[in-house]
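Chains as they are written, first to last, in this note's numbering: chain B, 1 to 543; chain X, 1 to 175.
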């Protein structure tokens, strides 16, 4: 008899070969040493497999994580590479778009137009300020705090030395690099600490100038934009493009043909400005010699408008002092407004001040249009109002309902566990990454027009995820406190409710509530994503 | 009808084994916890269908494997989850690695489990049922609702894949 193939031998070794064939094979084995050895090997292999599979305790958490970690996260590389690749492709595509002219009304949609970026920023800030109901005294410090916070979080996450986290951070950084404003003819001047950059009176810089220095002095002419990061920025010459300055003190007494975007402790415009002034600072002054052709939009603490503004002035600040001529409207939101005679407001005045005595309009002031003056209601502590508690109770109720719905639809979500510091950091990091990346992706998709349905879907999922994030965290906190290990629906109810109450109290704490809210949201979001990722059908990725 | 007390004992005694089986079959510890939970609910509900002539642990593992296979089947939906692809010929050529003992020593059971997790469902399930639950081909065929011959083929192909992957892994570690 010819030696049977391994498939037959394998069945024989398993004792699963039909009776007649078994006899035949047994006879062959008597004479064939090779086949005997192969069968012995196959039997040994079976024993080994039995030992390997039965001889472990899959419940052991340590082993479990090691065993699971590999397959669960290997896909992330691919996702990261693909998303960065897609983004780069978009970036290349957008370069083409850049060469085509958008109608000026749609210009703000353009992702790389600075005006577009600032529109987003300004709209966002308006929202924050109106919602917050209080005047921001130092916007810069808040923004700085947030950025530093993210950087520290990033470093901590990267330092935990898990490849996945490093990749997440690196991925984010690569995304940022991909998104930087394109560098057309740019002159970059960098000077070490204590250094000054001066464009002399007879000097002309024939393109955009980017400067990093301690002090920047422009006495000559710049034909492009001036982008300056410095302690002091002093413009006495001419900038034919825009001025974007991040500095402690920005002073523009020369001519700027474009817009001025000034972020600094003190921002002062004292010359001709071809377009508008966007000022963010502790003190923002439109000096006596200033002449703005368009608008002034200013956020800050103490604002002075003494020069002329061609169109509107919109000011969000603690105090505003006006002694000027405005072509159109003046809008003010803040504590105190003082308008000196003989100021002229071409059209309407719209002001909200703290009280009647915080508003002073001299008798010689001319207001061309309507005068709308409002006073902020005395701010009662929200904690004293019944509606606040009713609102929070409703929030808990809604969260509870949504939580039950979530756990009913996706029972696996009950398993979220963040018992280690590592898990918390990972969740926070991933949560932050996706929370930032998803809206960017949605915006890019929306710009392509074809991608709008997907963009809407991404945005909806993003919002839903952020909403569910705190519910997931609440359930986890509740379970941790009650120590419940069961996973039935009934063992979800109480932990969820208790957790929600704790979370809602925490996010409403004065001062730290906002930060807690933010952190809980990120961690919950990350945990949600990771659990959703680990629950993906195993067969799909492997087949 | 089992009392609450009895059921707690059953849970304590069998949970680990049921959980391990679910984890192998579903290839996810998170999904396995849910599945194990569901299995015990089913066991409690169907206690009257248990035939005392058989060991209780076999019965409970049977409930577990049936439940997990159902889950896998539902995941696969229209795909012929456990069928043999016609494109997949039974390769018994000699250049394939031989039985695992040649590439593996007992202390590398960890590697076996890891590689097992990377096998497609249709190969992983028969291997788990054979070597963890110690099912016969017929029992596997019944559980997976496929012909006995297919079981033999899947098992054979699955083991071949396992060997190949382990061999590759070993080469990576020790070039």
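Even for Gly, the Cβ is constructed at its ideal location relative to N, Cα and C.
Since the model is a prediction, treat every value here as computed from it, not as a measurement.
What's the gap between the Cα of residue i and the Cα of residue j?
i                      : j                      : result
residue 477 of chain B : residue 133 of chain X : 37 Å
residue 125 of chain X : residue 49 of chain X  : 25 Å
residue 322 of chain B : residue 463 of chain B : 42 Å
residue 122 of chain X : residue 517 of chain B : 45 Å
residue 272 of chain B : residue 420 of chain B : 59 Å
residue 505 of chain B : residue 402 of chain B : 18 Å
residue 525 of chain B : residue 259 of chain B : 39 Å
residue 256 of chain B : residue 423 of chain B : 52 Å
residue 387 of chain B : residue 394 of chain B : 10 Å
residue 523 of chain B : residue 515 of chain B : 12 Å
residue 118 of chain X : residue 521 of chain B : 33 Å
residue 3 of chain B   : residue 142 of chain X : 31 Å
residue 16 of chain B  : residue 167 of chain X : 27 Å
residue 26 of chain B  : residue 163 of chain X : 26 Å
residue 62 of chain X  : residue 17 of chain X  : 12 Å
residue 374 of chain B : residue 353 of chain B : 6 Å
residue 253 of chain B : residue 270 of chain B : 4 Å
residue 302 of chain B : residue 264 of chain B : 13 Å
residue 46 of chain B  : residue 53 of chain B  : 11 Å
residue 31 of chain X  : residue 444 of chain B : 35 Å
residue 29 of chain X  : residue 50 of chain B  : 20 Å
residue 226 of chain B : residue 169 of chain X : 57 Å
residue 144 of chain X : residue 135 of chain X : 12 Å
residue 51 of chain X  : residue 413 of chain B : 35 Å
residue 165 of chain X : residue 12 of chain X  : 36 Å
residue 439 of chain B : residue 458 of chain B : 8 Å
residue 479 of chain B : residue 140 of chain X : 39 Å
residue 24 of chain B  : residue 13 of chain B  : 14 Å
residue 74 of chain X  : residue 382 of chain B : 51 Å
For residue i, count neighbouring Cβ atoms within 10 angstroms of its own Cβ and tell me buried if that reaches 16, exposed if not.
i                      : result
residue 460 of chain B : exposed
residue 427 of chain B : buried
residue 127 of chain B : Low confidence applies here, because residue 127 of chain B scores a pLDDT of 47, under 50, leaving its location unreliable and the question unanswered by this model.
residue 20 of chain B  : exposed
residue 371 of chain B : exposed
residue 35 of chain B  : buried
residue 55 of chain B  : exposed
residue 61 of chain B  : Residue placement at residue 61 of chain B cannot be trusted, given a pLDDT of 35 that sits under 50; the coordinates are not used to answer.
residue 363 of chain B : exposed
residue 6 of chain B   : buried
residue 503 of chain B : buried
residue 329 of chain B : buried
residue 456 of chain B : exposed
residue 334 of chain B : buried
residue 18 of chain B  : exposed
residue 319 of chain B : buried
So, residue i versus residue j, is the Cβ gap smaller than 8 Å?
i                      : j                      : result
residue 292 of chain B : residue 434 of chain B : no
residue 220 of chain B : residue 242 of chain B : no
residue 555 of chain B : residue 396 of chain B : Residue 555 of chain B lies beyond the range of chain B shown here (1 to 543); nothing can be said about it.
residue 369 of chain B : residue 384 of chain B : no
residue 71 of chain X  : residue 35 of chain X  : yes
residue 250 of chain B : residue 236 of chain B : no
residue 499 of chain B : residue 507 of chain B : no
residue 306 of chain B : residue 284 of chain B : no
residue 137 of chain X : residue 151 of chain X : yes
residue 281 of chain B : residue 262 of chain B : yes
residue 207 of chain B : residue 224 of chain B : yes
residue 156 of chain X : residue 10 of chain B  : yes
residue 418 of chain B : residue 527 of chain B : yes
For the pair the stretch 65-73 of chain X and the stretch 30-46 of chain X, tell me if three or more CB-CB distances fall below 8 Å. By the C-beta criterion, the stretch 65-73 of chain X is judged to be in contact with the stretch 30-46 of chain X, since at least 3 inter-stretch pairs fall below 8 Å.
Segment contact flag, the stretch 223-236 of chain B with the stretch 204-215 of chain B, C-beta cutoff 8 Å, min 3 pairs: yes
Is there contact here, the stretch 395-408 of chain B with the stretch 465-473 of chain B, by at least three beta-carbon pairs under 8 Å? yes
Could you say if the stretch 288-302 of chain B and the stretch 311-319 of chain B meet the contact criterion of at least three C-beta pairs nearer than 8 Å? yes
Spell out a yes or no on whether the stretch 356-363 of chain B and the stretch 328-342 of chain B are touching, meaning 3 or more CB-CB pairs, one atom from each, closer than 8 Å. yes
With a cut-off of 8 Å, do at least 3 Cβ pairs link the stretch 49-58 of chain X to the stretch 20-27 of chain X? When C-beta atoms of the stretch 49-58 of chain X are compared with those of the stretch 20-27 of chain X, fewer than three pairs fall below 8 Å, so the two segments do not count as touching.
Every unbroken beta strand (DSSP E) inside the stretch 245-318 of chain B [3 residues or more]: 260-269, 277-286, 296-305
My parser needs the alpha helix (DSSP H) runs of 4 or more residues fully inside the stretch 378-411 of chain B; what are they? Listed in chain order, the complete alpha helix (DSSP H) runs (minimum 4 residues) inside the stretch 378-411 of chain B are 386-409.
Residue ranges of each alpha helix (DSSP H) within the stretch 8-59 of chain X, 4 or longer: 29-45
Just list the alpha helix (DSSP H) runs in the stretch 416-502 of chain B, keeping only unbroken ones of 4 residues or longer that don't cross its boundaries, in chain order. The stretch 416-502 of chain B contains these whole alpha helix (DSSP H) runs: 421-447, 452-482.
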